[in-house]
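Asks: Numbering (UniProt numbering), first residue to last: 1 to 394.
Even glycine gets a Cβ: it sits at the ideal position worked out from N, Cα and C.
If you scroll down you'll find the structure; I have some questions about it.
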């Protein structure tokens with residue numbers, strides 16, 4: 001910048017954007033006739049990149065951004081003659097683990113749903129396949145028996161937040177509420193705790209930016225294990241039963257035959273994402289047994305997510321401690337009351353809508369009857385010699 005200033009060059013273009021030292025932005029936009037001292041670039045911002053290492057869909061934030069520090073030495077002419085880096089900048093670091101050859105985990109988001117989740121459970125029971133259900137708290141509020149059935153039939157349950165927001169755009173306070181509310185509800189209904197976690201929306205479930213990784217780190221600091229995914233047939237779009245089957249199998253089998261720590265980060269294909277709520281899931285229910293049978297025929301085995309994460313069943317859903325029993329009983333009363341209110345409001349609205357429809361039908365029928373009666377009446381002829389006065393208020 002000093003040489004350009006002395007050469008009388010006033011305008012500078014930067015190429016290529018994104019590859020520059022972030023410190024240059026402390027100089028751009030200034031009056032180049034009066035450059036600041038070189039020490040202004042001593043601090044090196046960490047940047048917004050994310051360093052992702054390893055194969056697998058179990059995510060762990062291994063390092064937070066570190067601001068770099070350097071010492072700049074200038075000569076008599078103001079030009080930089082030496083630079084010493086005292087601390088290098090470092091981006092967010094994410095370690096991926098969980099790759100297991102020929103092992104697959106079936107995961108289901110957004111439930112439980114009183115109509116579709118039981119059908120999913122029936123298929124899994126018939127196929128002797130374990131599943132991992134990432135539940136939304138507000139959906140589970142009135143579905144305690146379904147949660148208990150999942151556990152009794154050997155499945156695992158993880159947290160998918162309480163209201164299913166986009167955590168990348170949520171405040172830390174809201175993220176904390178989403179985690180805690182879902183946790184307290186699950187503890188009250190089952191006597192166990194949630195440890196597996198998947199953020200809503202694909203960007204948060206497969207985070208690659210600092211905004212998306214913030215909630216993952218917040219959950220990790222509270223003891224959660226974040227679960228991503230690499231096999232998503234987009235069943236929530238209802239593309240058709242055959243499309244769900246074909247996409248799932250294609251995405252499972254298009255990974256490399258061998259995946260190692262030196263392989264690309266997206267080479268693992270162990271976690272399959274499906275949905276048991278959030279709309280009509282008839283296509284998912286119909287596709288599921290075919291997916292299981294065809295992948296088994298190809299040599300794949302189905303396991304819970306805890307197997308990929310290296311956790312035991314009790315570690316993935318640990319029983320609550322004796323000291324938490326009282327709080328869980330209090331929460332059970334509160335959530336049960338809240339669930340009763342939700343059900344009551346549901347029925348009240350349903351009854352009100354039904355009564356409104358019946359009233360409209362009754363009024364329509366009476367109006368038709370009245371119209372038919374009036375149609376038979378013969379009115380006297382109008383006398384054209386008589387006047388009518390019409391008053392219109394101004």
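Residues bridged to residue 95 by DSSP?
Replies: Here the question's residue 95 lines up with position 95 in the chain shown. 53, 60.
Asks: Out of 244, 206, 239, 240, which one is the CA nearest neighbour of residue 226?
Replies: Stepping through the chain shown from its first residue, residue 226 is reached at position 226. Cα-wise, what sits closest to residue 226 is 206.
Asks: Determine whether the beta carbon atoms of residue 87 and residue 72 lie at a separation below 9 Å.
Replies: Position 87 of the chain shown, counting from 1, holds the residue named residue 87. Position 72 of the chain shown, counting from 1, holds the residue named residue 72. Not a contact, by the Cβ cut-off of 9 Å.
Asks: Apart from the five residues just before and just after residue 38, which ones in its own chain have a Cβ nearer than 7 Å to its Cβ?
Replies: On the chain shown, residue 38 is found 38 positions in, with the first residue counted as 1. Closer than 7 Å at Cβ, skipping near neighbours: 72, 74, 80.
Asks: Do residue 158 and residue 213 have their beta-carbon atoms positioned less than 9 Å apart in this structure?
Replies: In the chain shown, the residue the question calls residue 213 occupies position 213. In the chain shown, the residue the question calls residue 158 occupies position 158. Not a contact, by the Cβ cut-off of 9 Å.
Asks: Please report the straight-line C-alpha distance between residue 127 and residue 292, rounded to a whole angstrom.
Replies: Within the chain shown, numbered from 1, the residue matching residue 127 stands at position 127. Within the chain shown, numbered from 1, the residue matching residue 292 stands at position 292. Distance between the alpha carbons of residue 127 and residue 292: 8 Å.
Asks: Buried or exposed: residue 347, going by 16 or more other Cβ atoms within 10 Å of its Cβ?
Replies: Reading the chain shown from its first residue, position 347 is the one you call residue 347. Exposed, since its Cβ has fewer than 16 Cβ neighbours within 10 Å.
Asks: Taking its Cβ as the centre, do 16 or more other Cβ atoms sit within 10 Å of residue 108, making it buried, or is it exposed?
Replies: As a first step, residue 108 must be located in the chain shown, where it is residue number 108. Buried is the call here.
Asks: For residue 134, report the span of its beta strand (DSSP E) as first-last.
Replies: Within the chain shown, residue 134 is the residue found at index 134, counting from 1. Start and end: 131 to 135.
Asks: Where does residue 364 land, buried or exposed, given buried means 16+ other C-beta within 10 angstroms?
Replies: For the purposes of this step, residue 364 is taken as residue 364 along the chain shown, with counting starting at 1. With fewer than 16 other Cβ atoms within 10 Å, it is exposed.
Asks: Roughly how many whole angstroms lie between the Cα atoms of residue 155 and residue 137?
Replies: The count along the chain shown starts at 1 and reaches residue 155 at position 155. The count along the chain shown starts at 1 and reaches residue 137 at position 137. About 18 Å.
Asks: Per DSSP, which residues does residue 251 bridge with? Please list them.
Replies: Mapped onto the chain shown, residue 251 falls at position 251. Residue 251 is not bridged to any residue.
Asks: Figure out for me which residue from 215, 130, 268 has the closest Cα to the Cα of residue 169.
Replies: Numbered from its first residue, the chain shown carries residue 169 at position 169. Out of 215, 130, 268, 215 has the C-alpha closest to the C-alpha of residue 169.
Asks: Rounded to the nearest angstrom, what separates residue 62 and residue 279 at their Cα positions?
Replies: Position 62 of the chain shown, counted from the start, is the residue given in the question as residue 62. Position 279 of the chain shown, counted from the start, is the residue given in the question as residue 279. Between residue 62 and residue 279, the C-alpha separation is close to 37 Å.
Asks: Examine the Cβ distances between the region 265 to 276 and the region 97 to 106 and report whether three or more of them are shorter than 8 Å.
Replies: Verdict: yes, contact present.
Asks: Quick one: Cα of residue 337 to Cα of residue 358, how far?
Replies: Walking along the chain shown from the start, residue 337 turns up at place 337. Walking along the chain shown from the start, residue 358 turns up at place 358. Those two C-alpha atoms are separated by around 31 Å.
Asks: Quick check: what's the CA-CA separation for residue 240 versus residue 45?
Replies: Looking up residue 240 in the chain shown gives position 240. Looking up residue 45 in the chain shown gives position 45. In a straight line, the C-alpha of residue 240 is about 48 Å away from that of residue 45.
Asks: Which two residues bound the contiguous alpha helix (DSSP H) that contains residue 306?
Replies: Your numbering for residue 306 matches position 306 in the chain shown. Start and end: 305 to 309.
Asks: List the DSSP bridge partners of residue 158.
Replies: Position 158 of the chain shown holds residue 158. DSSP output for residue 158 lists 134 as bridge partner(s).
Asks: Compute the Euclidean distance between the alpha carbons of residue 211 and residue 12, then round it to the nearest angstrom.
Replies: On the chain shown, residue 211 is found 211 positions in, with the first residue counted as 1. On the chain shown, residue 12 is found 12 positions in, with the first residue counted as 1. Looking at the two C-alpha atoms, the distance is approximately 31 Å.
Asks: Could you check whether residue 142 and residue 114 sit closer than 9 Å to each other, using their CB atoms as the reference points?
Replies: Here the question's residue 114 lines up with position 114 in the chain shown. Here the question's residue 142 lines up with position 142 in the chain shown. Yes.
Asks: Looking at the secondary structure, which residues open and close the alpha helix (DSSP H) in which residue 185 lies?
Replies: Position 185 of the chain shown, counted from the first residue, corresponds to residue 185. Looking at the DSSP string, the run of the alpha helix (DSSP H) that includes residue 185 is 172 to 190.
Asks: On the DSSP letters alone, give me the boundaries of the beta strand (DSSP E) that residue 70 sits inside.
Replies: Stepping through the chain shown from its first residue, residue 70 is reached at position 70. Run containing residue 70: 68 to 74, per the beta strand (DSSP E) assignment.
Asks: Residues in its own chain within less than 8 Å of residue 208 by CB, not counting five upstream and five downstream?
Replies: If you number the chain shown from 1, residue 208 lands on position 208. Excluding positions up to five away in sequence, the list reads 50, 52.
Asks: Could you name each continuous beta strand (DSSP E) segment of 3 residues or more that falls completely within the region 201 to 232, going from the start of the chain to the end?
Replies: Those beta strand (DSSP E) runs which fall completely within the region 201 to 232 and span 3+ residues are 225 to 227.
Asks: Taking all protein chains shown into account, do 16 or more other C-beta atoms lie within 10 angstroms of the C-beta of residue 306, making it buried, or fewer, making it exposed?
Replies: What you label residue 306 is simply residue 306 of the chain shown in a count that begins at 1. Buried.
Asks: For chain C, find out if any of its Cβ atoms is closer than 9 Å to the Cβ of residue 383; answer yes or no.
Replies: Absent from the structure: chain C. Only one protein chain is present.
Asks: Compute the beta-carbon to beta-carbon distance between residue 326 and residue 188, rounded to the nearest angstrom, for a pair I have assumed lies under 8 Å.
Replies: Mapped onto the chain shown, residue 326 falls at position 326. Mapped onto the chain shown, residue 188 falls at position 188. Not a contact, Cβ separation roughly 11 Å.
Asks: In this structure, how does DSSP classify residue 9 when only helix, strand and coil are distinguished?
Replies: The residue you call residue 9 lines up with position 9 of the chain shown. Coil at residue 9, not helix or strand.
Asks: What is the residue span of the beta strand (DSSP E) that residue 107 lies within?
Replies: By one-based count along the chain shown, residue 107 stands at place 107. First-last of the beta strand (DSSP E) with residue 107: 103 to 109.
Asks: Indicate whether residue 185 and residue 222 have their beta-carbon atoms separated by less than 9 Å.
Replies: For the purposes of this step, residue 185 is identified with residue 185 of the chain shown, where counting begins at 1. For the purposes of this step, residue 222 is identified with residue 222 of the chain shown, where counting begins at 1. Contact: no.
Asks: Check residue 194 in the structure and name its three-state DSSP category.
Replies: Taking the chain shown and counting its residues from 1, one reaches residue 194 at position 194. If DSSP states are grouped into helix, strand and coil, residue 194 belongs with coil.
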